[in-house]
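Undergrad: Okay, here's the structure, questions in a sec.
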Amino acid sequence: MYKNNINLQTSCTRDEALALLLGLGDQRILPIEYDPNIPEGIDIESDFAFWIEEYLNDEFELLEGEYELAILKKEPIDIIAKKLEDLNKLKKLISKAEKYAHYFDDEISKGSASAIRLNKSNSEHTPHYTLISIYQWAINTLKFPDISLDSFIKENTKLAELPLKGIEADKNNDQPQVKKRKLKSQEQEEAILVEIKKLGHDPKSLPRIVSGKGGVKSQIREILENTSLFLSRRIFDKAWERLRDSRKIADKN
Numbered sequence: 001m002y003k004n005n006i007n008l009q010t011s012c013t014r015d016e017a018l019a020l021l022l023g024l025g026d027q028r029i030l031p032i033e034y035d036p037n038i039p040e041g042i043d044i045e046s047d048f049a050f051w052i053e054e055y056l057n058d059e060f061e062l063l064e065g066e067y068e069l070a071i072l073k074k075e076p077i078d079i080i081a082k083k084l085e086d087l088n089k090l091k092k093l094i095s096k097a098e099k100y101a102h103y104f105d106d107e108i109s110k111g112s113a114s115a116i117r118l119n120k121s122n123s124e125h126t127p128h129y130t131l132i133s134i135y136q137w138a139i140n141t142l143k144f145p146d147i148s149l150d151s152f153i154k155e156n157t158k159l160a161e162l163p164l165k166g167i168e169a170d171k172n173n174d175q176p177q178v179k180k181r182k183l184k185s186q187e188q189e190e191a192i193l194v195e196i197k198k199l200g201h202d203p204k205s206l207p208r209i210v211s212g213k214g215g216v217k218s219q220i221r222e223i224l225e226n227t228s229l230f231l232s233r234r235i236f237d238k239a240w241e242r243l244r245d246s247r248k249i250a251d252k253n
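Mapping to our numbering: the sequence shown position 116 is 116, numbers consecutive.
Given below as C-alpha cells:
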C-alpha cells in the first residue's frame with residue numbers, strides 16, 4: 001500500500017469519504033498497488049472507481065454465503081458462530097453507512113454554506129471534496145475523536161468500532177431529521193423494471209432469448225448503460241442478477 005511513496009492527494013469522492021468515515025482504510029483513496037500482470041497502457045488510477053454501496057453489497061453477499069455454506073456443510077459450532085458474528089458486524093457497519101450517507105449528503109446540499117468543501121481544482125467529472133474539511137466536519141458534526149489528520153486518513157481502521165453517538169438529531173434543537181433516501185441499488189433495480197414495462201413486457205414473464213437475436217436484457221442494457229446509475233456493464237449485470245435472485249424478474253415458463 002504505497003506506505004513509502006509520496007502521496008499528495010488532498011481530496012476524495014463522496015464514496016471514498018464515506019469509506020474513510022467507516023474506517024475501511026486508506027486503500028479506498030490511494031492508488032492500488034502496481035500489478036505486473038496488467039498490460040502496459042492501462043491507467044489504473046483513472047479507471048478505478050470505488051463505490052461504497054457496491055463494496056458493502058459484495059462484502060454482505062460474501063459473508064452471507066460463507067455463513068450459509070458453513071451451516072450447509074455442518075461446520076463446527078464455533079466456526080458457524082464466527083461466520084455469524086462477522087455477518088452481524090457488517091450489518092452494523094451498513095447501518096452506520098446509511099446514517100453517515102444521510103448526514104454527508106445533507107451537508108453538501110448546503111452548497112457554499114457547507115462545511116464540506118468542494119475541491120474546485122479537481123478537473124474530474126465526479127465531485128471531489130477536500131480531505132481536511134471532511135476530517136474537521138467528522139469531528140465537529142459526527143463527534144469523532146480529536147485525532148490527527150494523518151491518523152484519520154492512514155489509521156482510520158480504528159474508527160470502525162466507534163459508537164454511533166451525536167449524529168441523531170437532538171429533539172431539543174432546531175436540527176431537522178434527515179429524510180431517508182433510497183439506496184442506489186434500489187434505484188438501479190427500479191430503473192430496469194421501468195424500462196422492461198416500457199418495452200411492453202411483464203418483468204415476471206420475460207420472453208426467452210431467440211437464437212440470433214438480442215434478448216430483453218441486452219435491450220435494457222443498451223438503453224441504460226453509461227447513465228448515472230449504470231456507469232459500467234458490470235454494475236448493470238449485478239443489478240440484473242439481484243432482480244433475478246429476488247424473483248422480481250423471471251422468464252416465461
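We put the CB at the ideal spot given by N, CA and C, even for glycine.
I'd like the list of long-range same chain contacts for K248, defined as Cβ closer than 8 angstroms, with 5 residues on each side in sequence excluded.
TA: E189, L193, P203, K204
Undergrad: Given 8 angstroms as the limit, is there contact between the region 86-93 and the region 52-64, that is, 3 or more CB pairs closer than that?
TA: yes
Undergrad: Tell me, please, which residues DSSP counts as bridged to S11.
TA: T130
Undergrad: Identify whether D150 lies in helix, strand or coil by the three-state DSSP scheme.
TA: helix
Undergrad: Following the continuous alpha helix (DSSP H) through A70, name the residue where it begins and the one where it ends.
TA: 52-72
Undergrad: Can you tell me where the alpha helix (DSSP H) with A101 in it begins and where it stops?
TA: 77-108
Undergrad: Got a sec? Which residues, its chain only, sit under 8 angstroms from Y100 by beta carbon, not counting five neighbours each side?
TA: L18, L21, L22, L142, I167
Undergrad: Under 8 angstroms by Cβ, that's how I've got T13 and H128 pegged, so tell me the actual separation to the nearest angstrom.
TA: 6 angstroms
Undergrad: Indicate whether R233 and R242 have their beta-carbon atoms separated by less than 9 angstroms.
TA: no
Undergrad: State the CB to CB distance for the pair E53 and L183, rounded to an integer number of angstroms; the pair is presumed to be in contact (CB under 8 angstroms).
TA: 6 angstroms
Undergrad: DSSP three-state call for E45: helix, strand or coil?
TA: Because the pLDDT at E45 is just 40, under 50, the model does not fix this residue reliably, and the point stays unresolved.
Undergrad: Which same chain residues, not among the five before or five after F152, have their C-beta less than 6 angstroms away from its C-beta?
TA: Y135
Undergrad: For V216, collect the residues of the same chain with a Cβ closer than 8 angstroms to its Cβ; drop the 5 residues on either side in sequence, then sort them by chain order.
TA: By the criterion of a C-beta distance shorter than 8 angstroms, V216 is surrounded in its chain by I196, L199, H201, L206, P207, once the five residues flanking it on both sides are discounted.
Undergrad: Quick one, are the C-beta atoms of L231 and A191 less than 9 angstroms apart?
TA: Not in contact: L231 and A191 (Cβ atoms no closer than 9 angstroms).
Undergrad: Please determine, among Y67, L56, A113, S133, the residue with the shortest C-alpha to C-alpha distance to L24.
TA: L56
Undergrad: Quick check on DSSP: helix, strand or coil for D202?
TA: coil
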